[in-house]
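Asks: This is the structure I have questions about; it appears just below.
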Amino acid sequence: MAPISDSMRKISGAAIQQLKTSFSGWSFSIFMSMKSRIPLILLACGSFNPITNMHMRLFELARDHLHQTGRYRVIEGIMSPVSDDYRKKGLVSARHRIAMAKLALETSDWIRVDPWETEQESWTETVKVLRHHYNESVRLLQSRKEIMKSIQPTERSTENSLSSQYSVLPELKLLCGADFLQTFQTPNLWKKEHLQEIVEQFGLVCISRAGSDPAQYINESELLTKCQHNIFLVKEWIQNEISSTQIRYALRRGLSVKYLIPDSVIAYIAYHNIYTEESERKNEGDLLQPLKLHNTVVTSFE
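Per this note's numbering, the sequence shown starts with residue 6, numbered consecutively.
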């Protein structure tokens, strides 16, 4: 191989430096663009029985979509498993569901599981879960502001940077599957005032599944139509119909669920022998707690 001349080295060095400069400028531009956007927290409520790769995938899809709007900067994702008092058929202990979610989310640097909902004495309505996490975000922001006040920055630019970083109140939106919109039509499942608060004050980010038509659900509801500006519909182009129900079915029959849920979760399930024929009969014949509270005549809801 012929030796590289000094002139070639200079050209290569200049090209590399130019590439570094361009990349650095691009990164800084992206950083400044994201910094000026509205901070947003995604909250997903559900059984997570067990957590699946699809549950985590929903957060990634939602974040991509919201970033592409140019308006938002997603700063956190929160999974809030429902309490045992929800009384859903086959619902295993919250202790196990929380533990499995923590294991699954060890690979994420922005999604976490929060046990607050499971720690309440009784089932907690979704709107109250949203209120709790919104109030927590406000409290955290105020704490950060107090910390910033006590710090004496060496440069004015640093002070301005810190103050702007912690001055904007984040928005909180409920992350859900598009079929969640259909439940708004289920008699006595939701209180009208709660639906209104969820959609108007918080907002929804709905991930569509194969065969679902979220636009139709919106058109069929006067409230959803009125607030559709606060409902973000996200299309999942890579269809993945993994469900916790299917996972439990496979586990009870000794079938492999590898690549459908994290290996750490598979190991946890096996060690504790969580999903069995007996566990699937838990709460069998019971009404969901919201249906009991609202005195509905519906006998089952999955």
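Beta carbons are placed, not taken as given, at the ideal position from N, Cα and C, and that holds for glycine.
Are the Cβ atoms of V239 and H60 separated by less than 8 angstroms?
Replies: No, the Cβ-Cβ distance between V239 and H60 is not below 8 angstroms.
Asks: R42 and R320 - do their beta-carbons sit closer together than 8 angstroms?
Replies: What is shown of the chain runs 6 to 307, which leaves residue 320 out entirely.
Asks: Is the distance from the Cβ of I266 to the Cβ of T57 below 8 angstroms?
Replies: In contact: I266 and T57 (Cβ atoms closer than 8 angstroms).
Asks: Could you tell me whether the Cβ atoms of C50 and V118 are closer together than 8 angstroms?
Replies: Not closer than 8 angstroms, so no.
Asks: Nearest-angstrom Cα distance between W115 and L296?
Replies: Those two C-alpha atoms are separated by around 34 angstroms.
Asks: Classify S113: buried if its beta carbon has 16 or more other beta carbons within 10 angstroms, exposed otherwise.
Replies: With fewer than 16 Cβ atoms within 10 Å of its Cβ, S113 is classed as exposed.
Asks: Quick test of the definition: if touching needs 3 or more C-beta pairs under 8 angstroms, does the segment 278-290 touch the segment 117-131?
Replies: Because the criterion of three Cβ pairs below 8 angstroms is not met, the segment 278-290 and the segment 117-131 do not touch.
Asks: Which of helix, strand or coil does DSSP assign to L177?
Replies: L177: strand per DSSP, three-state reduction.
Asks: Have a look at N245 and G216 and give me their C-alpha separation to the nearest angstrom.
Replies: Computed Cα separation, rounded: 12 angstroms.
Asks: So, is R100 buried or exposed, given that buried needs 16 or more other C-beta atoms within 10 angstroms?
Replies: Exposed, because fewer than 16 other Cβ atoms sit within 10 Å of the Cβ of R100.
Asks: Using only the alpha-carbon positions, how far apart do P55 and Y139 sit?
Replies: Their Cα atoms are separated by approximately 26 angstroms.
Asks: Grab me the residues of V173's own chain with a C-beta within less than 8 angstroms of its C-beta, minus the 5 sequence neighbours each way, in chain order.
Replies: Excluding sequence neighbours, V173 sits near I43, P44.
Asks: In chain order, what residues of the same chain lie with their CB nearer than 6 angstroms to the CB of V210, ignoring the 5 residues before and after it?
Replies: The residues are A67, K178, L180, F237.
Asks: Cβ of L47 within 8 angstroms of Cβ of I83?
Replies: In this structure, I83 lies closer than 8 angstroms to L47 by Cβ.
Asks: Give me the Cβ distance between M39 and R92, rounded to the nearest whole Å; I'm assuming they're in contact under 8 angstroms.
Replies: With a Cβ gap of about 42 angstroms, M39 and R92 do not count as contacting.
Asks: Candidates E111, S88, Q221, E81: which alpha carbon is nearest S269's?
Replies: Nearest C-alpha to S269: E111.
Asks: Do S88 and Q311 count as a contact pair if the criterion is CB distance below 8 angstroms?
Replies: Because the chain here runs from 6 to 307, residue 311 falls outside it and cannot be looked at.
Asks: Skipping 5 residues on each side, what residues in its chain have a beta carbon closer than 6 angstroms to that of K196?
Replies: Nothing meets the Cβ criterion.
Asks: Could you compute how far the alpha carbon of I271 sits from the alpha carbon of K154?
Replies: Their Cα atoms are separated by approximately 47 angstroms.
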